[in-house]
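*Asks:* This is the structure I want to talk about, given as structure tokens.
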Amino acid sequence: MLNEFFKDQLWLGVAQAAVTVVLAVAVTLVGRWWKIHLEKEVGIALVRGIVQIVIVALVLVVLLKGPELVAVPVLIGMIITASVIAGRRVKGIAGSIWVSFYGIGFGAGLVILLMVLVGVIDAALTSVIPVGSMLIANSMNTCAQALERFASDLRSHTGQVEAGLALGAAPDECVKPYTQSAVHSSLIPRIDQLSSLGIVWIPGLMSGMLVAGADPVYAAVYQFAVITMMFASSGLTSVVSVLLVQRRVFSPAQQLLLRPGNSVPSVKKGRAA
Amino acid sequence: MVILETVHLGREVDTKKLVNDISIQVERGETLSIVGPSGAGKSSFLRLLNRLDEPTTGTLLLNGTDYKTISPRDLRRRIGMVLQAPYLFPGTVADNLRFGPLQQGKELEDTRLRHLLTQVGLDGYADRDISRLSGGEAQRVSLARTLANSPEVLLLDEPTSALDRTAEGEVEKLLGEIIAAEGLTCLIITHNPAQALRLSKRSMLLEAGQLVKIGPVEEIVHA
Chain A
110 MLNEFFKDQL WLGVAQAAVT VVLAVAVTLV GRWWKIHLEK EVGIALVRGI VQIVIVALVL
170 VVLLKGPELV AVPVLIGMII TASVIAGRRV KGIAGSIWVS FYGIGFGAGL VILLMVLVGV
230 IDAALTSVIP VGSMLIANSM NTCAQALERF ASDLRSHTGQ VEAGLALGAA PDECVKPYTQ
290 SAVHSSLIPR IDQLSSLGIV WIPGLMSGML VAGADPVYAA VYQFAVITMM FASSGLTSVV
350 SVLLVQRRVF SPAQQLLLRP GNSVPSVKKG RAA
Chain B
262 MVILETVHLG REVDTKKLVN DISIQVERGE TLSIVGPSGA GKSSFLRLLN RLDEPTTGTL
322 LLNGTDYKTI SPRDLRRRIG MVLQAPYLFP GTVADNLRFG PLQQGKELED TRLRHLLTQV
382 GLDGYADRDI SRLSGGEAQR VSLARTLANS PEVLLLDEPT SALDRTAEGE VEKLLGEIIA
442 AEGLTCLIIT HNPAQALRLS KRSMLLEAGQ LVKIGPVEEI VHA
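As structure tokens, then:
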């Protein structure tokens, strides 16, 4: 219907985006009716989303004509941004942005590097940037989910953790059930992505390849490879992030710092043995 | 002989003095009760003794050795603590009892495990899942779990406060028997003056984080 009113492609895009914004606002208002206040967060996310994607599209047009090495700073920039977004999601753990940076950097960075080296991801900018961004975005979501789950599990199991400490257990032993649960739960969406592939979800990459005239079987298999890479990078991100964050919730003297209502180390002059 | 000594021990959090300049000595084999109103700093004081929280002033000596020269894990094994709620780990009663020794790379022998269960009145409970225990039974497992570490000092943070009257009496009776039989040094927080009288000969009264009085239990609870 919209394409009957808007013959110019740019204005058609603006109209399509406007309709989706109306839809998102409606959903937010339904939330408000249920006293779930997402107005500010959704408002900022919508504005940021449209501004960022338009700028990136314009920048990519220029970058994609440049040398292949341009991919490196672009992907590092994406990793840094993803780390800030994931780290900010986790309240109460000092240094969570660094934890996210190392987690996403190791998980997504390593998988991108390895896959480019063996030729699963084409080194061409038109391939490595979009596929790399998918891996980074998935790692970002996994990282935020894992850290959030770990922090909330720990806050609700303070007694069990301190019971373990009081028996002389090492901190990592005391939080093991919660690190395992955080990694497992953060990977469930990625496993669901794999198992629902093609049945309830036909990803855009495959559709794009088909439209561009690629062999359908190759397009499908490559899409599978991309989703599998997402799982691998998310898994590595999750494990590294949780391993790093578990050190930050204990003091040097192995005291639990993250307790309900307590978000920062509260000892004024704490000393370690 | 003094086994545990605190010297001007204190903890300040966000300018609030939770524990303020407490100096006491505890003799080997003695049971010292800690009494005082809610928010007096009783639990905060106890948590400093096995370093679940960090002192911000003063020090603690175990057998004359400064706590800072003992690794936190070793200190916690030697100064065992039974928390207000049992906080058992998923699994069986035996799994819980084996946990502490396992952290030191030791295996809890079956005879010792059975002895501990007998001590807390839970003969034949080794393979029982913790989800099938009553509140009183769970607290007894918690006590046996701490004893499995063979602590030199036992800290008890209101171990019967979460139990009903019958279970409270049972656990208190067991505590008295075990402390006497093992010759344990024990510090117990209680809100119940009668319990303090039954379990200890000496008591300390805390108010607003400060030591108000320490002496014979009759003098403290009847003051």
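Residue numbers (the numbering used here), protein chains in the order written: chain A, 110 to 382; chain B, 262 to 484.
All C-beta atoms, glycine included, are put in the ideal place defined by N, C-alpha and C.
1. Is the stretch 351–369 of chain A touching the stretch 273–281 of chain A in the sense that three or more CB pairs, one from each, lie closer than 8 Å?
2. Could you round the C-beta distance between residue 253(A) and residue 198(A) to whole angstroms and report it? I think they count as a contact, below 8 Å.
3. Would residue 415(B) and residue 446(B) qualify as a contact pair, given that the criterion is a beta-carbon distance under 8 Å?
4. Restricting to Cα atoms, I'd like to know which of 155(A), 140(A), 116(A) is closest to residue 128(A).
5. Which term fits residue 111(A), buried or exposed, when burial requires 16 or more other beta carbons within 10 angstroms of its beta carbon?
6. For residue 302(B), collect the residues of the same chain with a Cβ closer than 6 Å to its Cβ; drop the 5 residues on either side in sequence, then sort them by chain order.
7. To the nearest angstrom, how far is the alpha carbon of residue 227(A) from that of residue 342(A)?
8. When you compare only the Cα positions, how much space is there between residue 172(A) and residue 201(A)?
9. Looking at C-alpha atoms only, which residue of 314(A), 140(A), 303(A), 187(A) is the closest neighbour of residue 161(A)?
10. Looking only at its chain, what residues have a beta carbon closer than 8 Å to the beta carbon of residue 146(A), apart from the 5 residues adjacent to it on each side?
11. Could you name the residues of the same chain whose beta carbon sits closer than 7 Å to that of residue 193(A), not counting the 5 residues immediately before and after it, in chain order?
12. Please determine, among 185(A), 184(A), 213(A), the residue with the shortest C-alpha to C-alpha distance to residue 196(A).
13. Identify whether residue 315(A) lies in helix, strand or coil by the three-state DSSP scheme.
14. What is the residue span of the alpha helix (DSSP H) that residue 247(A) lies within?
15. Check the DSSP bridge columns for residue 447(B) and list the partner residues they point to.
16. Taking Cβ-Cβ distances below 8 Å as the criterion, which residues of the stretch 271–303 of chain A are in contact with chain B?
17. Compare the beta carbon distance of residue 347(A) and residue 296(A) with 8 Å and say whether it is the shorter of the two.
18. Nearest-angstrom Cα distance between residue 406(B) and residue 362(B)?
19. What separation, rounded to the nearest whole angstrom, lies between the Cα atoms of residue 297(B) and residue 276(A)?
20. Identify the residues that DSSP records as bridge partners of residue 494(B): which are they?
21. Quick check on this structure: which residue in 334(A), 268(A), 365(A), 235(A) has the alpha carbon closest to the alpha carbon of residue 183(A)?
22. So, are the CB atoms of residue 475(B) and residue 460(B) less than 8 Å apart?
23. Is there a Cβ of chain C sitting closer than 8 Å to that of residue 399(B), yes or no?
24. The stretch 394–422 of chain B: which residues have C-beta closer than 8 Å to a C-beta of chain A, in chain order?
25. Could you pull the DSSP bridge partners for residue 390(B) from this structure?
26. Counting Cβ pairs, one atom from each stretch, are 3 or more of them under 8 Å apart for the stretch 217–224 of chain A and the stretch 255–265 of chain A?
27. In the DSSP assignment, what residue or residues form a beta bridge with residue 268(A)?
28. Compute the Euclidean distance between the alpha carbons of residue 318(A) and residue 326(A), then round it to the nearest angstrom.
29. Measure how close the beta-carbons of residue 338(B) and residue 365(B) come, nearest whole angstrom, since I'm counting them as under 8 Å.
30. Going along chain A, which residues have a C-beta under 8 Å from residue 286(B)?
31. How do the stretch 238–249 of chain A and the stretch 334–341 of chain A stand: do at least 3 beta-carbon pairs fall below 8 Å, yes or no?
32. How big is the Cα-Cα spacing for residue 353(A) and residue 350(B)?
33. Measure the C-alpha to C-alpha separation of residue 366(A) and residue 203(A) and round it to an integer number of angstroms.
34. List the endpoints of the continuous beta strand (DSSP E) containing residue 342(B).
35. List the endpoints of the continuous alpha helix (DSSP H) containing residue 363(A).
36. What three-state label does DSSP hand residue 368(A) in the structure shown?
*Replies:* Based on what the coordinates show:
1. yes
2. 4 Å
3. yes
4. 155(A)
5. exposed
6. 279, 280, 467, 470
7. 16 Å
8. 38 Å
9. 187(A)
10. 140
11. 206
12. 213(A)
13. helix
14. 234–265
15. 292(B), 415(B)
16. 271, 272, 273, 274, 275, 276, 277, 278, 279, 282, 286
17. yes
18. 9 Å
19. 26 Å
20. Examination of residue 494(B) is not possible in this model, given that chain B is present from 262 through 484 alone.
21. 235(A)
22. no
23. Protein chains A and B are contained in the structure displayed, whereas chain C is not.
24. 403, 406, 407, 410
25. 353(B)
26. no
27. DSSP output for residue 268(A) lists no bridge partner at all.
28. 11 Å
29. 7 Å
30. Under the 8 Å cutoff, chain A gives no residues; its nearest Cβ is about 22 Å from residue 286(B).
31. yes
32. 24 Å
33. 11 Å
34. 340–343
35. It is not in any alpha helix (DSSP H) - residue 363(A) carries neither H nor E in the DSSP assignment.
36. strand
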